[in-house]
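See below for the structure under consideration.
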Amino acid sequence: MNAITADPARAEPPRDCPRCPRLVAFREEWRDREPSWFNAPVPTFLPPEGPHAVKLLIVGLAPGVRGANRTGRPFTGDYAGDLLYSTMIAQGLARGRFEARPDDSLELIGTAITNAVRCVPPQNKPVGAEIATCRNFLTATIENFANLGAVLSLGTIAHQSVVRALGERVAAYPFRHGGRQTIGALTLFSSYHCSRYNTNTGVLTEDMFVSVFREIAGFLAE
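Residues in the sequence shown are numbered from 0 upward in steps of one, following numbering that gives the first Met the number 0.
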């Protein structure tokens with residue numbers, strides 16, 4: 000990525016981002032119901048060394064209403080984070096203790112985590128216009144990491160949004176679990192989302208998820 004054109008301010012939506020009316024209304028509803036929750040666009044989770052340390056970007060779908068929407072940190076507060084962060088710690092991509100709250104001791108190592116859609120959507124299902132609107136922030140986030148070498152997309156929607164953010168056609172880079180594709184200077188890895196639904200139904204097993212991360216860890220070590 001070109002560090003000269005990167006603009007960190009473009010990578011994060013404002014707290015009261017007005018771009019998606021349906022998401023704004025849902026956000027306001029939860030601010031009224033749970034005023035102590037975060038209830039805002041969830042920012043990218045960075046390693047303590049900052050953007051220049053990021054070699055891997057993990058992209059999820061959107062904040063869960065009682066997960067990241069509540070805590071303000073991606074994959075924090077619901078089951079998906081339990082599986083994601085335990086796997087990352089085991090593969091040397093995070094350290095500390097994950098206790099499902101933003102003030103725990105968890106730190107990322109050479110990795111950043113974001114979502115294709117930054118605000119919590121009703122029923123955890125963003126619509127196409129919301130995904131497209133929020134892609135500006137995803138594109139700017141990717142551009143902000145001068146040393147980025149790999150992206151991991153969690154689920155089809157995240158995968159397709161990453162491909163489009165990189166200026167490519169989805170048809171040329173189809174999603175498949177365990178996929179590994181080269182787009183320009185980046186390597187795009189893909190996995191089923193680590194949601195409780197996917198693990199409960201057997202779509203994704205822990206072994207399948209760990210296998211993806213082992214491949215990524217090996218790639219980053221090359």
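Beta carbons are placed, not taken as given, at the ideal position from N, Cα and C, and that holds for glycine.
If you're wondering where the values come from, they're calculated on a predicted model, not measured in any experiment.
Residue i classed as buried or exposed, judged by whether at least 16 other C-beta atoms fall within 10 angstroms
i: V170; result: A small correction: the amino acid at residue 170 is Ala; Val does not occupy that position in the sequence shown. Result: exposed.
i: E142; result: buried
i: H51; result: exposed
i: Q304; result: An answer regarding residue 304 cannot be provided, because it is not within the stretch 0 to 221 covered by the chain.
i: Y196; result: exposed
i: I3; result: The predicted position of I3 is uncertain, since its pLDDT is 35 and thus under 50; a value taken from the coordinates is nonetheless stated next. Under this definition I3 is an exposed residue.
i: R14; result: exposed
i: K124; result: exposed
i: N68; result: buried
i: P121; result: exposed
i: S194; result: buried
Pairwise C-alpha distance: residue j and residue i
i: V202; j: A61; result: 19 Å
i: P73; j: V211; result: 19 Å
i: G80; j: V119; result: 16 Å
i: M207; j: R168; result: 27 Å
i: T204; j: H192; result: 11 Å
Opening and closing residue of the alpha helix (DSSP H) in which residue i lies
i: T155; result: T155 to A164
i: I88; result: Y78 to A89
i: I141; result: G127 to E142
CA nearest to the CA of residue i, picked from the options
i: L187; options: L107, K54 and R179; result: R179
i: H243; options: A184, I182, S152 and A10; result: Lying outside 0 to 221, the shown extent of the chain, residue 243 is not represented and no answer is given.
i: D77; options: T86, L92, A99 and I57; result: A99
i: F57; options: F97, G154 and D103; result: Residue 57 is actually Ile in this sequence, not Phe. Measuring from the Cα of I57, the nearest candidate turns out to be G154.
i: V116; options: A139, W36, T200 and V41; result: V41
i: E214; options: T86, T75, A139 and T140; result: T86
Residue span of the beta strand (DSSP E) that contains residue i, given as start and end
i: A67; result: Looking at the DSSP string, A67 is not in any beta strand (DSSP E); the run it does join, the alpha helix (DSSP H), is A67 to T70.
i: A111; result: T110 to N114
i: T186; result: L185 to S190
i: V209; result: Per DSSP, V209 belongs to no beta strand (DSSP E); it is in the alpha helix (DSSP H), E205 to A220.
If we count Cβ pairs, one from each stretch, closer than 8 Å, do we get three or more for the stretch 163-183 versus the stretch 130-139?
-> yes
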